[in-house]
Each structure stands twice: as C-alpha cells, then as structure tokens.
Ligand SMILES: O=c1ccn([C@@H]2O[C@H](COP(=O)(O)O)[C@@H](O)[C@H]2O)c(=O)[nH]1
C-alpha cells in the first residue's frame with residue numbers, strides 16, 4: 001500500500017503544488033446564480049469537480065459548508081468525495097476534528113476507514129486536547145494509507161493567542177505541535193503522512209519548520225490577504241513541502257469551468273515561482 005505522503009508527493013510533482021478548497025459560501029452560491037439550497041450546493045460542488053478534479057493535486061472540501069444543510073448536505077459531501085476519487089485528485093477534508101482519544105477513534109473511523117462513505121485521503125485535525133489525543137487518527141491513517149494535517153499556526157489573527165502561548169517547558173504550544181508531528185514523520189521519505197497547517201498570512205513564524213518531514217498546508221492565500229510571495233517569508237527553508245491552498249480566490253472565477261481552470265492555473269504559476277529554489 002502506497003502511503004499518503006508518497007501519493008501526495010507524486011500528485012504535487014505531476015500536477016503542481018496546489019490545493020483548491022470547495023467552500024460553497026452562501027455569497028458564492030448567489031454569485032454563481034445558484035440557490036442557497038442543497039440543490040445549489042450539489043451543482044456548485046459538481047462544477048468544481050468537473051473544472052478542477054482532473055488537474056489539481058489536492059481538493060479540500062470544507063465540511064462546514066456541507067454540514068449546514070444537515071443530512072442532505074452530508075450526502076452531497078459523500079457524493080463529491082466519490083466524484084473526486086473517480087477523477088483522480090487527492091481529497092483533503094477540512095473538518096478540524098479533535099477530542100479525547102476514545103472519541104477521536106470514532107472520528108478516525110468516519111473519515112479514514114475505507115468502509116466509511118466519508119472516507120478521504122486526509123483530514124485536518126485540532127490538537128488542542130493534546131497532540132497525543134489524536135493518536136487513534138494517526139494510527140488509522142497509517143494503517144490505510146491516509147494522512148492528517150494538524151493545526152499549528154493558523155491563518156486567522158485570533159490563533160496566535162493560543163498557539164504562541166508558552167508551555168511550562170519553554171516551548172510555544174505551536175512548537176510542541178511541530179515537534180510531535182516531526183517525530184511521527186521521522187524516517188519517512190519522500191514525505192511523511194502527517195502534515196501541519198501554517199497560515200500564509202502570519203509572516204515570519206519564529207518557529208523552525210525545516211525538519212517536519214511532512215506536508216505544510218498553507219491556507220490564507222487570496223481572500224485572506226496573503227500572496228504567493230509571502231510563502232518564502234513564512235516557510236523559509238521548508239518550501240519544498242509547502243502545499244498552498246486557495247478557496248475563494250479560485251472559486252470567485254466560477255461558475256464557468258474554463259474560468260475556474262484559468263484561475264487555478266494562474267495561482268499555481270504564482271506558487272511555482274514563489275516556491276522555486278534559489279540558486
Ligand atoms: O488556518 C487555517 C486553517 C484552515 N483554513 C480554511 O481554509 C479555507 C480558506 O478559504 P479562503 O477562501 O481561501 O480564505 C477555509 O475553508 C478555512 O476554513 C484557514 O483559512 N485557515
């Protein structure tokens with residue numbers, strides 16, 4: 001079985017380092033001429049899959065925008081996941097789950113066990129009940145070739161108060177997360193299965209991201225104000241593992257599929273230029 005890290009590395013090499021989110025905001029549905037209903041949600045998600053599913057390395061549905069329609073929205077999410085799998089992009093479900101270990105095991109079964117209708121390649125997870133509480137997710141991911149991206153330094157301004165707080169051992173909370181995830185990836189080549197979420201908006205992190213060994217998901221580009229050029233400042237020597245992530249910046253170009261593709265091509269070109277190693 002090929003690991004998630006290896007599949008992601010291949011996808012980023014073949015398709016380029018880009019993740020595009022499916023975030024069907026009510027305003028976007030309106031702008032696309034769709035009703036703010038489950039039918040509108042379904043049309044929106046199908047259009048993104050049709051436009052980008054066969055060309056972008058990773059597609060990241062934002063679970064919240066599906067969940068807000070209840071069971072029918074989750075059913076659209078299940079169908080979107082299936083469609084994405086059929087066209088070959090990796091699916092990273094942005095659900096930011098976290099809880100005590102025994103409950104985390106149930107979350108892991110929901111998203112990382114092949115028998116689940118919500119089974120995806122990887123999920124996002126919140127470490128604020130302790131990174132160790134996420135162990136059942138890490139175990140199930142490793143067993144079935146999946147991945148987990150853990151929040152470290154998020155793109156929103158409110159995150160710093162928690163993430164930069166200093167623990168009794170002198171490390172920031174974020175550094176503890178970085179260190180624990182780095183350990184999990186130790187010895188994994190070319191890329192580990194366990195990633196971090198580090199916002200592209202945050203400027204110099206003051207943290208060492210060069211030896212994480214896993215992918216670094218960078219949201220905050222476009223609509224939240226960060227540009228591809230900011231990636232160099234944020235990630236320093238960790239650039240080769242960076243997976244830039246855009247949602248509204250690309251989705252605003254829809255619903256025309258050619259325009260969505262052009263927007264994704266444009267941001268990918270910006271990211272390739274920003275992430276290119278300096279001679
Ligand atoms: O630190 C984080 C973690 C996750 N996100 C999510 O990424 C997208 C960003 O959407 P944009 O339209 O590109 O702003 C969204 O789903 C967030 O929940 C994040 O922004 N920051």
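Residue numbers (the UniProt record's numbering): 1 to 279. Glycine residues also receive a C-beta, built at the ideal position from the N, C-alpha and C atoms.
Subject >> residue 222 versus residue 254: straight-line alpha-carbon distance, rounded >> reply: Those two C-alpha atoms are separated by around 15 angstroms.
**OP:** To the nearest angstrom, report how far apart residue 124 and residue 182 are at their CA atoms.
**Re:** The straight-line gap from Cα to Cα measures roughly 16 angstroms.
Original post:
Heavy atom of ligand 1 less than 8 angstroms from the Cβ of residue 129, yes or no?
Top reply: Here the distance from the Cβ of residue 129 to the nearest heavy atom of ligand 1 is not below 8 angstroms.
**OP:** Could you spell out where the alpha helix (DSSP H) holding residue 173 opens and where it closes?
**Re:** Where residue 173 is concerned, the enclosing alpha helix (DSSP H) starts and stops at 173 to 184.
Original post:
Which ranges would you report for the beta strand (DSSP E) in the stretch 174 to 248 if only whole runs of at least 3 residues count?
Top reply: Within the stretch 174 to 248, the runs of beta strand (DSSP E) that reach at least 3 residues and sit entirely inside it are, in chain order, 194 to 198, 216 to 218, 242 to 246.
Subject >> Proximal residues to residue 163 (C-beta, below 6 angstroms), its chain only, five neighbours per side dropped >> reply: Taken in chain order, the residues that qualify are 153, 173, 174.
Original post:
Hey, would you say the C-beta of residue 156 is under 8 angstroms away from at least one heavy atom of ligand 1?
Top reply: The answer is yes for residue 156.
Original post:
On the three-state DSSP scale, how would you describe residue 56?
Top reply: Residue 56: coil per DSSP, three-state reduction.
Original post:
Where does residue 253 fall in DSSP's three states?
Top reply: Residue 253 falls in the coil class under three-state DSSP.
**OP:** Round the Cβ separation of residue 150 and residue 136 to the nearest angstrom and send it over; I've been treating them as touching at under 8 angstroms.
**Re:** Residue 150 to residue 136, Cβ: 14 angstroms. No contact.
Original post:
For residue 94, which three-state DSSP category applies?
Top reply: Here residue 94 sits in strand by DSSP.
Original post:
For ligand 1, any of its heavy atoms closer than 8 angstroms to the Cβ of residue 266?
Top reply: With a cut-off of 8 angstroms, the C-beta of residue 266 is classified as distant from ligand 1, since no heavy atom of the ligand falls inside that distance.
Original post:
Thinking C-beta only, is residue 268 closer than 9 angstroms to residue 17?
Top reply: Yes, they are a contact pair.
Subject >> Local Cβ density within 10 Å of residue 157, reported as buried at 16 or more and exposed below that >> reply: Result: exposed.
Subject >> Distance between beta carbons of residue 228 and residue 270, contact taken as under 8 angstroms >> reply: With a Cβ gap of about 4 angstroms, residue 270 and residue 228 count as contacting.
**OP:** Compare the beta carbon distance of residue 110 and residue 80 with 9 angstroms and say whether it is the shorter of the two.
**Re:** Not in contact: residue 110 and residue 80 (Cβ atoms no closer than 9 angstroms).
Subject >> Secondary structure of residue 150, DSSP reduced to three states >> reply: When DSSP states are grouped into helix, strand and coil, residue 150 belongs to the strand group.
Original post:
Helix, strand or coil: which one does DSSP assign to residue 80?
Top reply: Helix.
**OP:** Output the boundary residues of the alpha helix (DSSP H) element that contains residue 142.
**Re:** Secondary structure note for residue 142: its alpha helix (DSSP H) is the uninterrupted segment 135 to 144.
**OP:** Identify the continuous alpha helix (DSSP H) that holds residue 104 and give its terminal residues.
**Re:** Start and end: 101 to 112.
Original post:
Which same chain residues, not among the five before or five after residue 38, have their C-beta less than 7 angstroms away from its C-beta?
Top reply: Cβ neighbours of residue 38 beyond the five flanking positions: 69, 72, 73, 76.
Subject >> residue 37 - DSSP class collapsed to helix/strand/coil >> reply: The three-state secondary structure of residue 37, taken from DSSP, is coil.
**OP:** Could you tell me which of 131, 208, 48 sits nearest to residue 59, measuring between CA atoms?
**Re:** Residue 48 is the option with its Cα nearest to residue 59.
Subject >> Proximity test, residue 246 beta-carbon vs ligand 1 heavy atom, cut-off 8 angstroms >> reply: Yes.
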